[in-house]
Amino acid sequence: MNLNPVSDCEKLFILEAASQKIRLDGRKRDEYRPLKIEFGLDWGNCLVTLGCTRVFAQVSCEIYQPNNSRPNEGVLQISAELAGDDKLNDLTKINQVLERFYKDSKCIDLEALCIIAEEKVWKIKVDLSVLNMDGNTLGCCSIATLAALMHFRHPDVMSTGEKVIVYSSSERDPIPLSLHHHPVIVNFAIFEKYDFIILDPSLLEDKVCDNKLSICFNNHREMCGVDIEGCASLSQDLLMNCSNQAASMAIKLVDKIKSAIKIDIENRSSSKSVKGLEPAVSEDNGLKLCLSDKFNFIGPSNRENKIEETDEKMDVDQEVVKITDGTAFTTSHNNLQQIKDVKQNKQNDDLIVIDPESSESSSSDESVEVVSHYKLDDIRPVIGKYVVSDDENSDTGTIILD
Amino acid sequence: MTLVDFNDVVLPGNDVSDIVFKGDTCKRSEKTIGPGLKSANNKIIVCNGGVLRSKDDKYFWIEFSKKKYSPAKDDVVVGIVAAKTSEMYKVDIGASELATLPYLAFTNATKKNRPEIKVGNVVAAKVKVATPFMESEISCVEYANRIILGQLENGFLFNVSLNYALRLRKSSSKLLYHLGQMVPYEIVIGVNGKIWINSASIRTTIAIGNAVMKAEHLEEEDIPQLVKNFNKSLNV
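Chains A and B supply the protein sequences, listed in that same order.
The first sequence begins at 1 in full-length UniProt numbering and counts up by one.
The second sequence begins at 1 in full-length UniProt numbering and counts up by one.
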């Protein structure tokens, strides 16, 4: 059941507005809504806000056996899903279009992701969750995908003959993906009858329009894909006009993503503690929470406190505030305290603990494979058993794959 | 236990029995609790965080912000007709279930004289039956011409929060009065947060809609300024 049907009132109103070339939110026809790109603590983790549309992206990587047809190429996988509700299968289309545009445009150097031909390659997975749909979901998803891919770094790998060593981020700096070019999708809604073509349609415009046109362009003004949805016939001139507009828009978008990444990396390298998505998430809640300054995560670039896993406990000090008529706001102070527990990795019984010095000898045992901790994440999948080299002073997690 | 007073913020789990049973103006059995309050074991417990309000020391309720409308009897709602069956319309009023609107529940409707409403049309209606276990039933029959119900044509529909819709419906709302002095318009505010607006031109409708939406978080004193800005934007 579609829970939000569009009424005739709205349809007629939008069409009438289109005939007078007015948009409901007062934008010009080629105007984008304000775009905000924020990065999380992890590499390849970002939240993109376009007007009220919000998409959260996370890139992860795993070591994977390559396809037989392409034995020396890594794998790229993009999947978008609606956060919370999976009944609305509205996103299959978005998935298809994204995969097609990003794979076929060969923007990622997949051969660089090969570790050992025919045996081990990196598989790069982009998980998008759409937190809020307010039109132009595809465009927002593509911005999130590109930003996350550009931001992502995978761990360094060295293959020495038979062994493959995966270095943790503390030993060697992780490597960014090599992108040949940066494609981004620009969306149009077309009202054919009134010859009204608009960029970045809102949800209502998206539902009412005759045609939806998505054009993928990279920052070199090269077209990477076109997708047309709808029934109206489009003339050649119109397509040319649209693609010219899309090309210049794509350049602007890519520039915006690049500058956002630059700022983020500068923040990480400077001594400032990285706040991640916390300000972005708490900012837009209708009821604003005042988070105390204690709430600072430790950013990935900070070297100290590595062994410590942080547990946050939330103490809510509620102040009852007098409310006068007409106001409905409450202030509350959340003192989020970080309790730092030093948790040794030894706790897990399945782990075989070896010293880093003896790693040479232990690797002669047939089934010893190590995949070890990257800080702050346990998302990344793992092949084989764990062997964690445990040194009390440093945490050099070396990963050895046979 | 902190002592709460009226117009205070209360939280789920707070015990407000003291304040509700206090006062001698009326008997204990005559006191009525409304949304957000629940009675259990002779206690009145808050179950939604919000502001505790009372009227005449007899009616008590919590004013809280919520997103989903739950139907209550005699509410005026605005809904979108979602489906049509042989005897009734199914109307989306923003609640968890679609509400039913029988063909005969219109003024002057008979078995032969059926209302002409299609799927997708917008109606203003009154909730007749609202129980937690059944689909709610709405009706467009007008009693003594007090309110005008039925199909709404043209105009534009948008959503606001439930709390704000209730505030707008109060006769003390200055905003609608001030806007009306600038420009003639029609408005129907459903308790379910759906607002229908119609005016002479598209521009004015959009401007009124924006003004209504923007005024949600404004103080009463700032409203004249908003209306002034609104008037400026119309004349451009």
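Glycine is no exception: its CB is placed at the ideal position from the N, C-alpha and C atoms.
By the Cβ neighbour-count rule, residue 158 of chain A is exposed, with fewer than 16 other Cβ atoms within 10 Å of its own. Membership of residue 53 of chain A in the beta strand (DSSP E) is indicated by the continuous run 53-64.
Here the alpha carbon of residue 31 of chain B sits roughly 39 Å from the alpha carbon of residue 211 of chain B.
Counting of Cβ neighbours within 10 angstroms places residue 133 of chain A among the buried residues, the total reaching 16 or more. Residue 195 of chain B counts as buried, since no fewer than 16 other beta carbons sit within 10 angstroms of its beta carbon. When C-alpha distances from residue 111 of chain A are compared across A/82, A/73, A/164 and A/50, the shortest belongs to A/73. Annotated as distal: residue 44 of chain A and residue 196 of chain A, with beta-carbon spacing of 7 Å or more.
Ranked by how close their Cα comes to the Cα of residue 173 of chain B, the residues B/159, B/60 and B/189 have B/189 in first place. For residue 121 of chain B, at least one C-beta of chain A is nearer than 7 Å to its own C-beta. Pairing residue 35 of chain B with residue 256 of chain A, the inter-Cα distance amounts to about 47 Å. Taking every protein chain shown into account, the CB of residue 24 of chain A has 16 or more other CB atoms within 10 angstroms, so this residue is buried. Residue pairing of residue 35 of chain A in beta bridges, as defined by DSSP: A/50. Chain B has a Cβ within less than 7 Å of the Cβ of residue 7 of chain A. In chain order, 156 and 157 make up the part of chain B whose C-beta sits under 7 Å from the C-beta of residue 10 of chain A.
Neighbours of residue 17 of chain A across chain B, judged by C-beta separation under 8 Å: 202 and 206.
At a cut-off of 7 Å between C-beta atoms, residue 13 of chain A counts as an interface residue with respect to chain B. Interface annotation, residue 82 of chain B: in contact with chain A, CB-CB separation under 7 Å. Membership of residue 124 of chain B in the beta strand (DSSP E) is indicated by the continuous run 122-129. In the structure shown, the three-state DSSP call for residue 95 of chain A is helix.
Secondary structure of residue 110 of chain B (DSSP, three-state): coil.
Put simply, the region 175-183 of chain A does not touch the region 3-12 of chain A. Fewer than three CB pairs are less than 8 Å apart.
In this structure, the beta-carbon distance from residue 103 of chain A to residue 76 of chain A falls below 7 Å.
Residue environment analysis places residue 209 of chain B among the buried positions, since at least 16 neighbouring C-beta atoms fall within 10 angstroms of its C-beta. For chain B, none of the residues of the UniProt domain "Exoribonuclease phosphorolytic" (183-247) of chain A brings a beta carbon within less than 8 Å of one of its beta carbons. When secondary structure is reduced to three states using DSSP, residue 35 of chain B falls in the coil class, being assigned neither helix nor strand.
Residue 154 of chain A is classed as buried because its beta carbon has at least 16 other beta carbons within 10 Å across all chains shown.
Considering only A/226, A/95 and A/265, the residue with the shortest C-alpha distance to residue 82 of chain A is A/95. For residue 18 of chain B, the closest Cβ of chain A is not nearer than 7 Å. Residue state for residue 20 of chain A is assigned as coil, using DSSP reduced to three classes. Within a 10 Å sphere around the beta-carbon of residue 149 of chain A sit 16 or more other beta-carbons, which makes this residue buried.
Taking C-beta atoms under 8 Å as the contact rule, residue 9 of chain B and residue 46 of chain B fail to qualify, at a distance of about 10 Å. Within the region 17-47 of chain A, contact with chain B at the beta-carbon level (separation under 7 Å) is assigned to 17, 20, 22 and 24. Within the UniProt domain "K Homology" (155-201) of chain B, the complete alpha helix (DSSP H) segments at least 4 residues long are 162-169 and 174-182, listed from N- to C-terminus.
Residue 216 of chain A has A/185 and A/225 as its beta-bridge partners, per DSSP.
Uninterrupted beta strand (DSSP E) stretches at least 3 residues long and entirely within the region 102-170 of chain A occur at 114-116, 120-132, 157-160 and 163-167, given in chain order.
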